[in-house]
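Peer 1:
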Amino acid sequence: MKLFQYGLLIAMFIFPLVATTQTKGPYEVREKQNQLTEQGLKTGFWKERKGEFTKMGHYVNGIKDGTWETYLSNNQILRIETYDKGKRNGITLQFDRKGKISNVEHYKNNKMDGLVYIYNPQSTRLLNEQHYNNGMLTGLFRKYYDNGKIQEESFYLDDQKHGPSKWFNRDGRLIAIYIYDHGLFEGNQRTFYDNDTAATVTMYVNNKLEGGFQEYYRNGKLKHAGKYVNGKKEGRWIEYDETGKEINATRYKDGIAK
């Protein structure tokens with residue numbers, strides 16, 4: 013519901029602004045443009061062309077201020093940005109070359125800060141929902157399938173995964189839970205079959221396999237069991253058939269079978 017409500021607010025901002033820019037276009041003279049102050053600083057409305065891009069907006073004493081728009085040579089809107097005293101602040105909207113919304117970004121003092129939405133321009137479905145703090149991924153991150161179901165739900169701290177990371181299949185069933193500590197695997201890591209039974213259970217310490225390892229059949233019976241020491245197989249490893257009967261055993265030392 014929160015996402016829906018926020019989407020409505022974004023829509024209220026986007027549609028009037030896009031409609032205005034598309035009506036006026038980058039080539040309509042709206043006021044005197046490309047003026048300089050007595051000190052040689054850009055002032056007022058400016059239209060700047062570079063290659064296939066045309067940017068237009070206002071300067072105050074040589075510094076960008078207010079809304080700036082970027083167009084392609086075919087008059088198609090590409091980007092709408094908001095500046096405050098030369099720095100991006102507030103919402104930035106990005107569009108694909110067909111004019112469909114692709115990104116909704118929030119900036120504070122020229123760095124991403126707050127919610128960022130990334131869309132699939134072909135379907136207009138949400139692809140990514142992510143949070144930034146001072147230019148770095150921080151907090152909840154969600155990635156979506158093209159059917160709208162969540163593919164990944166993770167947490168970030170200073171641009172690194174930190175905490176639980178859940179992965180789902182296209183039907184919405186949980187298929188993996190990974191635990192991160194500042195970008196490294198730490199603790200219990202689990203994967204699941206699409207019937208909700210465990211597939212593997214592993215333990216990591218400082219991004220290395222450490223401790224017990226279990227792999228299961230879809231029927232829930234144990235398939236492989238053993239342990240790791242410092243990322244290498246160690247001791248007795250056992251293989252079972254689907255009825256639970258032991259069918260093979262191998263001893264390891266420093267990851268080498270004996």
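Per my numbering, the sequence shown runs over residues 13 to 270.
For glycine and all other residues, C-beta sits at the position ideal for the given N, C-alpha and C.
Everything numeric in this text was worked out from a predicted model, so none of it was measured.
1. So, for TYR229: in the same chain, excluding its five sequence neighbours on each side, which residues have a beta-carbon less than 7 Å away from its beta-carbon?
2. State the DSSP-derived secondary structure class of GLY111, mapped to helix, strand or coil.
3. Taking the DSSP output, what are the residues bridged to GLY256?
4. How is LYS239 classed by DSSP in three states: helix, strand or coil?
5. Would you report the Cα separation of PRO149 and LEU53, rounded to the nearest angstrom?
6. Is it buried or exposed, THR49, if we count other Cβ atoms within 10 angstroms and call 16 or more buried?
7. So, are the CB atoms of GLY195 and GLN172 less than 7 Å apart?
8. Pick out the complete beta strand (DSSP E) segments inside the stretch 92-171, 3 residues or longer, and give them in chain order.
9. With DSSP as the reference, label ASP206 as helix, strand or coil.
10. Judging by CA-CA distance, which residue of LYS155, GLU222, ARG100, ASN260 is the nearest neighbour of ASN146?
11. Find out if the Cβ-Cβ distance for the pair TRP58, TYR71 is shorter than 7 Å.
12. Using a threshold of 7 Å, state whether the C-beta atoms of TYR264 and LYS245 are closer than that.
13. Do you know how far the Cα of GLU64 is from the Cα of SER166?
14. By a C-beta neighbour count over all protein chains shown, 10 Å radius and 16 as the cutoff for buried, is GLU258 buried or exposed?
15. Would you give the residue range spanned by the beta strand (DSSP E) that THR79 belongs to?
16. Please go through the same chain and pick out, in chain order, the residues whose beta-carbon is closer than 6 Å to the beta-carbon of GLY184, but skip the five residues on each side of it.
17. Indicate the three-state DSSP secondary structure (helix, strand or coil) for LEU48 in the structure shown.
18. Which same chain residues end up closer than 6 Å to GLU60 when comparing Cβ atoms and leaving out the 5 residues on each side of it in sequence?
19. Please report the residue range of the beta strand (DSSP E) in which ASP193 lies.
20. Among all the DSSP beta bridges, which residues are the ones paired with GLY199?
21. First and last residue of the beta strand (DSSP E) that includes GLU227?
Peer 2: Looking at the coordinates:
1. LYS235, GLU254
2. coil
3. Beta-bridge pairing links GLY256 to no other residue.
4. strand
5. Per the sequence shown, residue 149 should be read as Leu rather than Pro. Cα to Cα, the separation comes out at about 36 Å.
6. exposed
7. In this structure, the beta-carbon distance from GLY195 to GLN172 falls below 7 Å.
8. 102-107, 113-120, 126-131, 138-145, 148-156, 162-169
9. coil
10. ARG100
11. A contact, by the Cβ cut-off of 7 Å.
12. yes
13. 38 Å
14. exposed
15. 75-83
16. LYS161
17. strand
18. LYS67
19. Unbroken beta strand (DSSP E) run through ASP193: 186-193.
20. TYR216
21. 223-228
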